[in-house]
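Number of protein chains: 2
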Amino acid sequence: MKPSVARKLMSVALGKSPANLILRGGDVLDVYTGEVLKGWSVAVSGERIAYVGPDPVHTIGPRTEIIDTSGRLVIPGFIDAHSHIFNFYGDVSDFVASATLSGTTCVMTEATELFTSLGFEAIDELTAFAAGQPLRIYFAAPSTTTLCPSANARALSPRYLNRLLRRPNIHGLGESYWSFVLRHEPRVLRQMTAAARAGKTVEGHSAGASGLKLQAYLASGVNDCHEPINAEEALERARLGIYVLLRRGDVRNELPAMAALVGRGISLRRFCLVSDGVNPKHLKDAGYMDATVQEAIDRGFNPVDAIRMATLNPAEYFGLDRDLGGIAPGHYADILVVPGPRRVKPEMVIFNGQLATRDGALVNPARRHIYSERVRHGVPLPRAFTPADFAIRAPADGKINVRIIHQVTPLVTREDVLEMVPVSGELKLDPSAGLLKAAVIDRAAWPGKYFTAFIRGWGLQKGAFAISATWDMVGITVIGADEGDMAFAVNRLRETQGGAVVVAGGNILAELSLPVNGYLCELPSSEVVAKLREIQHALDGLGAPYADPQLTAVTLSSCSIPYLRLCESGLMDIRNHRLVGLFPELS
Amino acid sequence: MKPSVARKLMSVALGKSPANLILRGGDVLDVYTGEVLKGWSVAVSGERIAYVGPDPVHTIGPRTEIIDTSGRLVIPGFIDAHSHIFNFYGDVSDFVASATLSGTTCVMTEATELFTSLGFEAIDELTAFAAGQPLRIYFAAPSTTTLCPSANARALSPRYLNRLLRRPNIHGLGESYWSFVLRHEPRVLRQMTAAARAGKTVEGHSAGASGLKLQAYLASGVNDCHEPINAEEALERARLGIYVLLRRGDVRNELPAMAALVGRGISLRRFCLVSDGVNPKHLKDAGYMDATVQEAIDRGFNPVDAIRMATLNPAEYFGLDRDLGGIAPGHYADILVVPGPRRVKPEMVIFNGQLATRDGALVNPARRHIYSERVRHGVPLPRAFTPADFAIRAPADGKINVRIIHQVTPLVTREDVLEMVPVSGELKLDPSAGLLKAAVIDRAAWPGKYFTAFIRGWGLQKGAFAISATWDMVGITVIGADEGDMAFAVNRLRETQGGAVVVAGGNILAELSLPVNGYLCELPSSEVVAKLREIQHALDGLGAPYADPQLTAVTLSSCSIPYLRLCESGLMDIRNHRLVGLFPELS
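From first to last, the protein sequence lines stand for chains E and U. Counting from 1, position 463 in the first sequence corresponds to residue 463 in my numbering; the numbering is continuous, with no gaps. The number in my numbering is simply the position in the second sequence, starting from 1, with 587 added.
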């Protein structure tokens, strides 16, 4: 803090200047000692806390706002230690509003796709986005761990990474998938070194790793993982010294399985509760950080442990515990008033010393960020697509083995090999046999470059689904039972400059426009939820079996999930860490 | 870590390269989860740990050294989170050797006096000192919180402070006494801001503060305190969010009183065990970090908590927990083998991947640092002192009130006012009435500048005691019953370029030379202990009542202890935060 702020806080603490705000006479959860301090008060001056103790009378002036918190518990604001707020689909201002209502006063977020689109200049958009919001936002510099050439072509140079790491609102290096680190990807290892030297975090992603591979990955200097899906995976990671981030968000909810950690005498000081990203539907159905902490308590975690997992623990992890994560003199006044240790839905949220919510409603409407023009033209495809663009030519006459993406769960794919016979030199899809096509089109490094493959598991009997919110690269994923509909869907996204669209027989069945960077819109969340539901219903009607078909589609371009994924330059063979073509005999 | 190190560690973890060293089959204390992992092993490659788990067989190569740790507990190396290793008197190499034998693999130390002597260039001496030692040493940049003008004249400029804070071996800003912060000393507040901005620690010193003053002090952004002397003071600080450093060193041992913290359900995650400095006598009598952790255990602290207070907790506090403080892949291999959770005297110490001790003995002799010439001429007094130099002239004829330093305990002084009558215009000491003289002479900013005052409490019937190891400023303190002996003692230190000397009637009764910066010598600790004992006996014989007369003498120049202290420019009135002269009516 500045000397002038320190002087003011000291003056208030000593009773020489009045506080702006006092929370009086409730109980205060002391996350440091683990005690509930009965009848304590908190006095706030400007953005920070000046006094925490039994009697704040010396800090009261004629204009001091005094809030009676008797019978209530005062706790620190929640921190989401790992998120992806720019994958929200909806208006991120709506996310911010929901986050504030849920008592979230700080979010650590990835912003990979924005950096892939804008390069280093993304930091200006991000900083402008975060300014004046009722919560603190810290961003990860992307490590760009992918086999996708278009994304790698847009990865930040070491020079720009080092510049980013000097920014106070960059908390560290974003999640670096373990298979890339284990393959000794030179750029990633250098990025990790740079982040550690800057004293910043190195986020991990060790989904499915265990035993020696996990040991090797963590030996590289990774600091956390948000991917354990059961108590044993969580415990294996915690024992090896990293922070374990327990996820409850739109991708998965790990808390039911993590209840098995309770009652085993395991210290949870290096565990955090995180979302790993939420979308409007998840927010509506499952809530955000207050609901996450509540679920942890309801599943048997000690309430102090549960609250610490969303306050002190993440603050310590990110080296922010001198300012955040606890209620103490000199810290930012990010404070929640909740019913008690076992009921943590906030009745009041104080952010940066100001009342942000009262009686469960925002005090001020959410600030709507005006996105810059540079992120409003996210689909710069040089030409329209035609059905013929998605034809797959056989390399020779006669039977040939073809690699097929088999979507075996909503997230996991595997590689199948299918013997196919060309018809007029072309390999055809066959919806009746479950054989569809998928293509990924780049829209950042080399706009319009694309690759088409076969996919099974989606079950579409006709039509196509295209979406521009691809993970880990900036592109369009299109899945279809018909090349004409695939082209139509992609061309529709070219028209709207981003979105998700379900088409069949040349008609739009359902659609959500995402004109901001191809990832976001500026519609209210309720409309986004309705449109996502329409998309799901339309895809249900076409035969897709997924509860969250967008998620299944956008993860197709990510190397974070095994085993065979797709990008503009080919198939990504995760297990063998290489780009491959359609024909095993040829690549 | 460098990418090449990460690659090597991963290779070892995966069994593709052999480990250098394996600790096999003991129990491993997991400070993260709090578990003792039975029959686990640790594999080390180079400086770091590659693998921690139940079976290291895949890391064994033909030249791997395997140490059987069965029946033993493997724990992280100890960290002393607050020390003053350059106030050791003896050869600091001996300190290092004792520290290593005690399992201390990291020390955070102040180096105020070296910076006051050398300015910014002290960092070169410190860095050279630390290089190649069998423990990591981090230094604090001094805040120079004192009323002493000569020390303030040598305080680091903001520019140099910022340069220092960028050094990885500078852990933060050194202890800033609370009264200076509460007085809004502009330089100190700016220094604190700079340290916090650099992401580094701001060390506190809130001796005796409580209630509103403590709240105000902590609101300024201070991060720790090593001064609580009972459980209530410790708890008051812990609740307010700072790290509480429990001291056991040559100044005090707080652990007997801190046992009252046990059994109250208080989380100790933000408590650390520290020395606040040791001298050779303390090391010999009371031991160092292993003895401190052992005493904590013996006084009832949970052994896992006690060990964490000297491992994980300080590592987290200093933001070093990605490298230190626990046994985990990727961390430095700073490891102790101890008998078990309740007996922590190390049988073996591994530092930076190498065996440092075996069977309680050093593997390699301590490296002796060759101090540079610039710290070998620490007493540059321009001329010899004469008895008349210590005369005190009365400002007028007749009775006059005079400020007297009253040494009421070995550390605390108070201000007495005595009505005195000049004799031939001079105010005289009176050993038979307990009235002696004390002078402090600067030897850094303005060598030879001095101030003489009266002191009572020391009890000398004759002779004088001079010592150059003054706290918080670089000077000489001399206390005497005779001005001739005072001059003789000071001149002797001018001859030896630093030390402690007891004289009487023009004879040297006992002496320890401290030719390095006036603070240190290069004698073995056993000789230093003997000489300190001779000094004490000599002072006993002259009538001084103190068990550690050096400490009483050197703290006379420090503003860290109330109430009336002495520097080259006058008396320092701590309570009123001002420099005063001898005569209350005149200043």
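Glycine is no exception: its CB is placed at the ideal position from the N, C-alpha and C atoms.
Between the segment 1069 to 1079 of chain U and the segment 1042 to 1058 of chain U, the count of Cβ pairs shorter than 8 Å is three or higher; the stretches touch. Listed along the chain, the chain U residues whose CB falls inside 8 Å of the CB of residue 267(E) are 619, 620, 621.
Cβ-Cβ distances below 6 Å link residue 729(U) to 699, 702, 761 in the same chain, with the five nearest sequence neighbours on each side left out; the list follows chain order.
For residue 807(U), a Cβ of chain E is located within less than 8 Å of the residue's own Cβ.
Taking 8 Å as the CB threshold, residue 52(E) lines the interface with chain U.
Of 210(E), 166(E), 161(E), the smallest CA-CA separation from residue 187(E) is found for 161(E). Closest in C-alpha terms to residue 319(E), from the list 784(U), 887(U), 643(U), comes 784(U).
Contact check for residue 139(E) against residue 126(E) passes: the beta carbons are separated by less than 8 Å.
With its beta carbon at least 8 Å from every one in chain E, residue 732(U) lies outside the interface.
Judged by beta-carbon spacing, residue 332(E) lies within the 8 Å limit of residue 352(E), meaning their Cβ atoms are closer than that value. Excluding five sequence positions before and after residue 412(E), the CB atoms of its chain that fall closer than 8 Å to its own CB belong to 561, 562, 563, given in chain order. Neighbours of residue 825(U) in chain E, taken as residues at a C-beta separation under 7 Å, are given in chain order as 32, 33. Pairing residue 833(U) with residue 859(U) gives a Cβ-Cβ distance under 8 Å.
With respect to chain E, the C-beta atom of residue 1007(U) has no partner C-beta closer than 8 Å. Listed by position along chain E, the residues whose Cβ is nearer than 9 Å to that of residue 845(U) form an empty set, because the closest Cβ is around 14 Å away. When secondary structure is reduced to three states using DSSP, residue 800(U) falls in the helix class.
The segment 578 to 587 of chain E and the segment 402 to 418 of chain E touch, with no fewer than 3 CB-CB distances between them shorter than 8 Å.
In chain order, 239 make up the part of chain E whose C-beta sits under 8 Å from the C-beta of residue 624(U).
In chain U, no part has a C-beta under 8 Å from the C-beta of residue 69(E); the shortest such distance is about 18 Å.
When only Cα atoms are considered, residue 396(E) and residue 565(E) end up about 25 Å apart. DSSP assignment within the segment 941 to 1029 of chain U yields the following whole beta strand (DSSP E) runs of 3 residues or more, N-terminal first: 941 to 945, 987 to 994, 1000 to 1007, 1022 to 1029.
The Cβ atoms of residue 610(U) and residue 661(U) sit closer than 8 Å to each other. In terms of beta-carbon proximity, residue 897(U) stays away from the interface with chain E, with every pair separated by 8 Å or more. The beta-bridge partner set that DSSP reports for residue 578(E) consists of 573(E). Using a Cβ-Cβ cut-off of 8 Å, residue 918(U) counts as an interface residue toward chain E, since at least one Cβ of chain E sits closer than that to its own.
With contacts defined as CB atoms closer than 8 Å, residue 492(E) and residue 478(E) fail to qualify as a contacting pair.
For residue 236(E), the secondary structure class from DSSP, reduced to helix, strand or coil, is helix.
Residue-level contact check: residue 776(U) touches chain E, since one or more beta carbons of chain E fall below 8 Å from its beta carbon.
Taking 8 Å as the CB threshold, residue 204(E) stays off the interface with chain U. In the DSSP assignment, the residues bridged to residue 244(E) are 225(E), 271(E).
Here residue 594(U) is near residue 189(E), since their CB atoms are less than 8 Å apart. Residue nearest to residue 735(U) within the set 1045(U), 932(U), 1037(U) is 1037(U) (criterion: CA-CA distance). Pairwise C-beta distances place the segment 91 to 101 of chain E out of contact with the segment 55 to 70 of chain E, as fewer than three of them are shorter than 8 Å. Straight across, the Cα-Cα distance linking residue 167(E) with residue 1132(U) is about 57 Å. Only those residues of the segment 526 to 545 of chain E whose C-beta falls short of 9 Å from the nearest C-beta of chain U would be listed, and there are none.
Residue 1106(U) carries a coil assignment under DSSP once its states are collapsed to helix, strand and coil.
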